[in-house]
Every structure is written in structure tokens, then in C-alpha cells.
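Note that numbering that gives the first Met the number 0 gives residue 82 to position 83 of the sequence shown, counting from 1, and the numbers run on in steps of one.
Note that CB positions come from ideal geometry on N, CA and C, so glycine has one too.
Beneath this line is the structure, given in C-alpha cells, with notes to follow.
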Amino acid sequence: MSIDLDKLEMQLTDEEGRRLKFYFDTRGIPSIGIGRNLRDVGLTGNEVTYLFRNDIDRVGQELNDNLPWVLDLDDVRQRVFYDLCFNMGISKLLTFVRMLSYAQTGDFGNAAIELHHSIWDSQVGDRARRLESMLKTGEDP
């Protein structure tokens, strides 16, 4: 005998609810989705990879829509911009006007300096050092 997964999903959605963002259930347990207990169940490795790849697809689309020239850069510098966008979001990245202007014209040394002089730099520490070096040199650290 097999279970009707569609009916089970409808049943559990009615009972648990369907939340696209983190919430605390009635017992204070952090949850997401259709009653996924993040404290005790968490995520599997495959689920983490699935979410990550969806995030990278979203970041790539955001870069393409807002900074299409980034996708013409070498692999190392593209990864810098993916990393920045992944970390701070496209809205915040777009506020780095001078850094983006330097990078778009190929002046990666000054782009790295602009990144270094940002508040973001002091917030992320070693991550900033690595990304600034990658942006400046076009080489992995």
C-alpha cells in the first residue's frame, strides 16, 4: 500500500502551515516550510546544496540584471562579485558606486582600495582581505 503524498502534503500544510521564512512554532522551536524543525532535524547535506545552488542562481541573475559587465570578467573576479552579492545582497552592493565604476573600467587596484575603505571591510575582516586581493590581482589567494 502506498501513501498519497499530495493528500498528505495538503493535510500537513493545513495542520502545520506553510511558511517561506524562519519562524518559531507554538513550542518556541525554530522552524521553516511545512513544520520543519530546524533545532532537532535541521537540514541534510543535499538540502543545503540545493538551497545554495538556488541562491547562486539568484545571485547570478541579480548580477546579470544589474551589473551585466561582471559576467564578462575573469573567473576569479566574477567570484568576487558573486561573493559580495551573496554576502550583502544586490541592493547593498549597488551602493558601492565608486568601487563598481573602477571595476567596470578595469581599474581593479582602485576598486580594491574602495572596497577596503568601506564599513563592510571592517565587518567581515579576513573575508574582505581575500576578496580585495582577488579583485586587485585576479588570482586566488
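Ordered along the chain, which non-local residues of its own chain (more than five positions away) have a Cβ less than 7 Å from that of D139? On the sequence shown, residue 139 is found 140 positions in, with the first residue counted as 1. Excluding positions up to five away in sequence, the list reads V75 and M133.
Between which two residues does the beta strand (DSSP E) holding I30 run? Numbered from its first residue, the sequence shown carries residue 30 at position 31. The sequence shown places Ser at residue 30, not Ile. It spans P29 to G32 - the beta strand (DSSP E) in which S30 sits, taken as one unbroken run.
Straight-line gap, G88 to A127 (C-alpha atoms, nearest Å): Reading the sequence shown from its first residue, position 89 is the one you call residue 88. Reading the sequence shown from its first residue, position 128 is the one you call residue 127. Rounded to the nearest angstrom, the gap between the Cα atoms of G88 and A127 is 15 Å.
Less than 9 Å separating the beta-carbons of S117 and F95? Here residue 117 refers to the residue found at position 118 when the sequence shown is read from its first residue. Here residue 95 refers to the residue found at position 96 when the sequence shown is read from its first residue. Result yes, Cβ atoms of S117 and F95 sit closer than 9 Å.
Contact defined as beta carbons within less than 8 Å: I believe R145 pairs with E113. What is the distance between those atoms, to the nearest angstrom? Residue 145 lies beyond the range of the chain shown here (0 to 140); nothing can be said about it.
With 16 other Cβ atoms within 10 Å as the buried cut-off, status of L19: The residue labelled residue 19 in the question sits at position 20 within the sequence shown. It is exposed - the Cβ of L19 has fewer than 16 other Cβ atoms within 10 Å.
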